[in-house]
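Each remark here refers to the structure printed beneath this line.
Protein chains: 2
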Amino acid sequence: MDLRHLRYFIAVAEEANIGRAATRLHISQPPLTRQIQQLEEELGVTLFIRTPRGMELTPAGELLLDEARNIRSLVEQATERTQRAGQGRLGRLDVAIFGSAILDVIPTLLLAFRNRYPDVKVVLHNMTKNEQIEALRQRRISVGFNRMLAPHEDIGTLLVTTENLLLAVPTEHPLARQEIVRFADLAHHPLILFPSGARPSFIDKIIGLCAERGFEPRVSQEVGDAVTAVALAASGFGVCLVPTSATTLQFPGVVYRRVHEAPPGFFVDLTCIYRKADQSPILAAFLETIEAEREARSQAGSSHSAR
Amino acid sequence: MDLRHLRYFIAVAEEANIGRAATRLHISQPPLTRQIQQLEEELGVTLFIRTPRGMELTPAGELLLDEARNIRSLVEQATERTQRAGQGRLGRLDVAIFGSAILDVIPTLLLAFRNRYPDVKVVLHNMTKNEQIEALRQRRISVGFNRMLAPHEDIGTLLVTTENLLLAVPTEHPLARQEIVRFADLAHHPLILFPSGARPSFIDKIIGLCAERGFEPRVSQEVGDAVTAVALAASGFGVCLVPTSATTLQFPGVVYRRVHEAPPGFFVDLTCIYRKADQSPILAAFLETIEAEREARSQAGSSHSAR
DNA sequence: ACAACGCAATACCCTGGAGGTATGATCCGG
DNA sequence: CCGGATCATACCTCCAGGGTATTGCGTTGT
Chain H
37 MDLRHLRYFI AVAEEANIGR AATRLHISQP PLTRQIQQLE EELGVTLFIR TPRGMELTPA
97 GELLLDEARN IRSLVEQATE RTQRAGQGRL GRLDVAIFGS AILDVIPTLL LAFRNRYPDV
157 KVVLHNMTKN EQIEALRQRR ISVGFNRMLA PHEDIGTLLV TTENLLLAVP TEHPLARQEI
217 VRFADLAHHP LILFPSGARP SFIDKIIGLC AERGFEPRVS QEVGDAVTAV ALAASGFGVC
277 LVPTSATTLQ FPGVVYRRVH EAPPGFFVDL TCIYRKADQS PILAAFLETI EAEREARSQA
337 GSSHSAR
Chain W
37 MDLRHLRYFI AVAEEANIGR AATRLHISQP PLTRQIQQLE EELGVTLFIR TPRGMELTPA
97 GELLLDEARN IRSLVEQATE RTQRAGQGRL GRLDVAIFGS AILDVIPTLL LAFRNRYPDV
157 KVVLHNMTKN EQIEALRQRR ISVGFNRMLA PHEDIGTLLV TTENLLLAVP TEHPLARQEI
217 VRFADLAHHP LILFPSGARP SFIDKIIGLC AERGFEPRVS QEVGDAVTAV ALAASGFGVC
277 LVPTSATTLQ FPGVVYRRVH EAPPGFFVDL TCIYRKADQS PILAAFLETI EAEREARSQA
337 GSSHSAR
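Residue numbers (the working numbering), protein chains in the order written: chain H, 37 to 343; chain W, 37 to 343.
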């Protein structure tokens, strides 16, 4: 049996007349007669009673009509869904994020993606940098978000956003009272650094920046993530350099200060990583959305990184 | 798209290798390659990633695999069900009965049919004789059960069972005390007759039998059905001739008596009626069951009509 | 009663496409 | 760098689906 048989069968059943059905199907009447005969023969069932006025369905034919319509709609649905999946408009995207990245741009990004591709289910996973690389290679995720990534041969990167750094200062801290905080001031106060995981990381960046200015920071704590760092700062453990988006965290007991006279490179990138070999149209759509969003933000003038 | 395409697609997806899939499908590899290419082209979607080790499904391909398996099983189910319907093993049979016929043979008959054809849904309708004829012609029912049917050109009949007649007598009635009740005795006692509906009916049969013996019965009541008649007899309204199966009704206050020296024709047929033009295999199966059951009953020796 | 019409079925032809064989293009492992 | 495996391409064959012409049959209309 063939989908053609079913299509023809439905037409004949609905027209109750082979001639009209043939016209509707844009074929001539005799082949249609034969196809119906074939179908009946193959099933071993009489589907129509031939009357001088046309074709009348038998009970078995009635049943097949139901089933055939069902199958037809399922086939239509299958092609349509497969096409949408092929265009990246239907499916699933597994995304890895890390703690503090969720603070700023990622929620708006995911929202924008969801609006453009409502039938793509986005699944979030919390992963460290190295876990992300591994998960990408094992295809457990399709994209990851990261900072300070060492390059890998098979992993592509796309810059999502660039954020300036701010200093989180306890309210009672001497630096909180200064009108202007200078980078060099960091030499005299204990610093909270993060993340404590895989190197190179944000920690190395800050140590590097300090080295450029000829001092080595006094490290009071190394913690896992920005949230913990700011929380510790709020408790007076020390000051802490954070991406601008961390201002989302408004702990009592902590204020944010711009840092003047900072060395070049006093910012941090958020990048998106993916398998270079990944051909998935959903991934392509996601990366495209990232670029479109970055575009939109920069055109809006007051981009986050300029805050 | 074609069912062939789906079948081939499933095979390739499952084998992850065109060559092996071709073997499994009993065709050679190149046509299979082409069919897959066609399918991809028609959908406008890449379904497989070609690797040096075989064919790997894309996400869109994964989705289509699900859908295709679904469609395949639906097609299989459709053919199987249609075939069963064509053999009368699946479907629906609308059966008309009238009041008292339900007392005896019809329940066992329906039970036997249900056992043989468990997937045929039997729907019962209560109808009078004339309603049955009309409903048959309008295809609202496929079979009816009846007694004393006037012949119709387009309606076929099949004898279901023949039942002797018994006399239902009030317990306190003089005839209840006689050791032997003779047919001629009926001349002296008021009779309850039924059914009061369309003629000719059971009533005419009894009046005819009496006429053969040269008397006209004294009619105390005409009622609609056997159950009412026996109930009235139990209340002392008179005596009443009923088919043997009415002994199912064991009212207090009524006893059943054989009638001796009855004229020939002192029995009543239960017949099954159907449209002669009806080709439905379900009807055929039902009529066949009726004959098989009658056969079984007569072979069992103590047939109901001999009770 | 017979002609005219409508419908499905049959006879016969033609062509597109499914399937076959042979071969090429790539990539991997030894 | 070669042998083997895999998918793709080229080209041929042949069947089956589609077309035209016609028949068969029952109903209808005059």
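Ideal placement from N, C-alpha and C gives every residue a C-beta, glycine not left out. Small disclaimer: the values here were computed from a predicted structure and weren't measured.
Assuming LEU203/H contacts LEU277/H (C-beta within less than 8 angstroms), just tell me the rounded distance between them. 6 angstroms
THR280/W - DSSP class collapsed to helix/strand/coil: helix
Under the three-state DSSP convention, the category ASN162/H falls into: strand
Identity of the residue in ALA148/W, ALA52/W, LEU61/W, LEU42/W nearest SER109/W by Cα: LEU42/W
If I follow the unbroken alpha helix (DSSP H) through PRO210/W, where does it start and stop? 210–213
Mapping the DSSP letters down to three states, classify GLU324/W as helix, strand or coil. helix
Name the residues in the stretch 129–156 of chain H whose C-beta lies less than 9 angstroms from a C-beta of chain W; which are they? none
State the Cα-Cα distance for the pair ALA49/W and ALA104/H, rounded to the nearest angstrom. 25 angstroms
Own chain partners of HIS340/H with C-beta closer than 6 angstroms, once the 5 adjacent residues on each side are dropped: Bear in mind that a pLDDT of 44 at HIS340/H, under 50, signals an unreliable position, so the number given afterwards is only what the model happens to contain. The answer is none, since no qualifying residue turns up.
Please state whether the Cβ-Cβ distance between PHE45/H and ILE72/H is less than 8 angstroms. yes
Secondary structure at ASN182/H, three-state DSSP: helix, strand or coil? strand
Proximal residues, the stretch 274–300 of chain H versus chain W, C-beta separation under 9 angstroms: none
Where LYS312/H falls, given that 16 or more other Cβ within 10 Å makes a residue buried: exposed
Length-filtered (3 minimum) beta strand (DSSP E) runs lying within the stretch 96–156 of chain W: 127–133
Using a cut-off of 8 angstroms between C-beta atoms, extract the partners of PRO95/W located in chain H. ALA121, GLY127, ARG128, SER316, ILE318
Spatial neighbours of ARG152/W in its chain, beta-carbon cut-off 7 angstroms, leaving aside the 5 residues before and after: THR325
Please check the pair ILE228/H and GLY180/H, which I expect to be a contact at CB under 8 angstroms, by giving their CB distance rounded to whole angstroms. Not confirmed; about 25 angstroms, so no contact.
What is the C-beta distance between PHE134/H and ASN106/H, in whole angstroms, given that I count them as a contact (C-beta under 8 angstroms)? The Cβ separation is near 47 angstroms, so there is no contact.
Would you verify that the beta carbon of LEU79/W is, or is not, closer than 8 angstroms to some beta carbon of chain H? yes
Chain H contacts from the stretch 189–218 of chain W (Cβ-Cβ distance under 7 angstroms): none
Can you have a look at PRO279/H and say buried or exposed, based on whether 16 or more other CB atoms are within 10 angstroms of its CB? buried
Quick one: using the 10 Å Cβ neighbour count with 16 as the cut-off for buried, is ALA271/H buried or exposed? First, the residue type needs correcting, since residue 271/H is Ser and not Ala in the sequence shown. SER271/H is exposed by the Cβ-count criterion.
Look at GLY192/W and TYR310/W and say whether their C-beta atoms are less than 8 angstroms apart. yes
Any C-beta of chain W sitting closer than 8 angstroms to the C-beta of THR325/H? no
What's the gap between the Cα of ALA148/W and the Cα of ALA328/W? 10 angstroms
Closest by C-alpha distance to GLU297/H, when choosing among LEU245/H, GLN335/H, LEU194/H, ALA57/H: LEU245/H
For LEU100/W and chain H, any beta-carbon pair shorter than 8 angstroms? yes
is_contact[MET91/W, chain H] using C-beta, thresh 8 angstroms: no
I want to know whether the stretch 49–60 of chain H touches the stretch 90–100 of chain H - three or more CB-CB distances under 8 angstroms. yes
Might you give, ordered along the chain, the residues of its own chain that have their beta carbon closer than 6 angstroms to the beta carbon of ARG293/H, omitting 5 neighbours on each side? LEU203, VAL205, VAL217
Report yes if the C-beta distance between LEU139/W and THR284/W is below 8 angstroms; otherwise report no. yes
Would you call the CB atoms of LEU129/W and VAL156/W closer than 8 angstroms? yes
In this structure, does DSSP put ARG294/H in helix, strand or coil? coil
Under a three-way DSSP split, which group does PHE287/H fall into? coil
Please tell me whether LEU75/W and LEU68/W are closer than 8 angstroms, where the distance is taken between their beta carbons. no
Over the uninterrupted beta strand (DSSP E) stretch that includes ALA204/W, give me the two end residues. 191–206
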